[in-house]
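Residue numbers (UniProt numbering): 1 to 230.
Since the structure comes first, as structure tokens, the remarks are kept for the end.
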Amino acid sequence: MKKANYFFNCSNLKLSILVFSVLIFTAANSAAAVEIIKIPVEKNEEDLYHIEAEIPILLGLKSKNVQSKYNDLFRDDIFCFLESTIEMASQSQHNFAAAEIPMHQFEGIVDFEIKNNKQIFSIKFNYYQYTGGAHGNPYSLSYNIDLNSGEDLKLIDFLERINLTLAEVEVLIKSEIEKNPANYFHGDYGFQSLEEDQHYYLEAGKLVIYFQPYAVAPYSTGMPEFRVKY
């Protein structure tokens, strides 16, 4: 359903024992009442790793099968990321100890934001992993769920609904980049074109297309976002 997540590998999922509590909040929308159960998760092993996350559980979707599908997907992706951070930290501890090199504590953090809750439910996950070095690695992943059909809409699908094409949006993005050229890569390393499943979300009547760090700009630029009214 989603393109491959290059930030972590979920092929070998093993869930750790994690301590959590439950908070509940509601996102009301015109198509259906979507209730979100937010499960905070935290685990820490001193000098080895610290992980924390917010796991959403959707309630109130029209189709219970669709609801279960997304809840399973969200949970498994987050647990996979946390588990991979723990496994990397444990392996690094062994390697650093063998080489007698001091090791920095690893971090794995996940939260989420509800960006839109009218007809199309946009939820954006923010992942952050620190494994040593000058800075950590952020990564974002979003889903745009049609609350009537349960479909996770690709960018190309949403653009068809608002009578825009990828080419038209590419022109707008290039125009925005030209306003602050020093913040972006250029030539072969710069922005070229959009993929049909490019990351995006909806917020306040705008389509927001975003890129991961280093995709079209240096790390110092952050995660570039481009807003298009519709």
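From the three backbone atoms N, C-alpha and C, an ideal C-beta is built for every residue, glycine too.
Bridge-paired residues (DSSP) for residue i
i, result
"ASP152", "ILE145"
"ARG227", "VAL208"
"GLU113", "LYS124"
"ASN137", "GLN129"
"GLY108", "ILE51, GLN129"
Secondary structure of residue i, DSSP reduced to three states
i, result
"SER122", "strand"
"LYS174", "helix"
"PRO40", "strand"
"GLU160", "helix"
"GLU45", "strand"
"ASN180", "coil"
"ALA217", "coil"
"GLY187", "helix"
Cβ neighbour criterion (16 or more within 10 Å) applied to residue i
i, result
"VAL171", "exposed"
"ALA167", "exposed"
"TYR219", "exposed"
"ALA217", "buried"
"GLU54", "buried"
"TYR139", "buried"
"SER142", "buried"
"GLY190", "exposed"
"TYR214", "exposed"
"ILE36", "buried"
"ALA89", "buried"
"LYS115", "buried"
"ILE86", "buried"
"HIS199", "buried"
"GLU178", "exposed"
"SER175", "exposed"
"ASP188", "exposed"
"ILE162", "exposed"
For residue i, the first and last residue of its enclosing alpha helix (DSSP H)
i, result
"HIS199", "Careful: HIS199 lies outside any alpha helix (DSSP H) and carries neither H nor E."
For residue i, the first and last residue of its enclosing beta strand (DSSP E)
i, result
"HIS94", "That residue, HIS94, is in no beta strand (DSSP E); its alpha helix (DSSP H) goes 64-99."
"LEU59", "49-59"
Proximity test, residue i beta-carbon vs the ligand MN heavy atom, cut-off 6 angstroms
i, result
"ALA99", "With respect to small molecules bound, the structure shown includes none, and the ligand MN cannot be examined in it."
### Query
Are at least three pairs of beta-carbons, each pair with one atom in the segment 143-158 and one in the segment 54-69, less than 8 angstroms apart?
Under the Cβ criterion (8 angstroms, minimum of three pairs), the segment 143-158 counts as touching the segment 54-69.
### Task
Count the CB pairs spanning the segment 95-104 and the segment 116-129 that are closer than 8 angstroms, and state whether there are at least three.
With a cut-off of 8 angstroms, the segment 116-129 and the segment 95-104 do not count as touching, because too few Cβ pairs lie within range.
### Query
Is the number of C-beta pairs between the segment 103-113 and the segment 43-58 that are closer than 8 angstroms three or more?
Cβ pair count under 8 angstroms is three or more, so yes.
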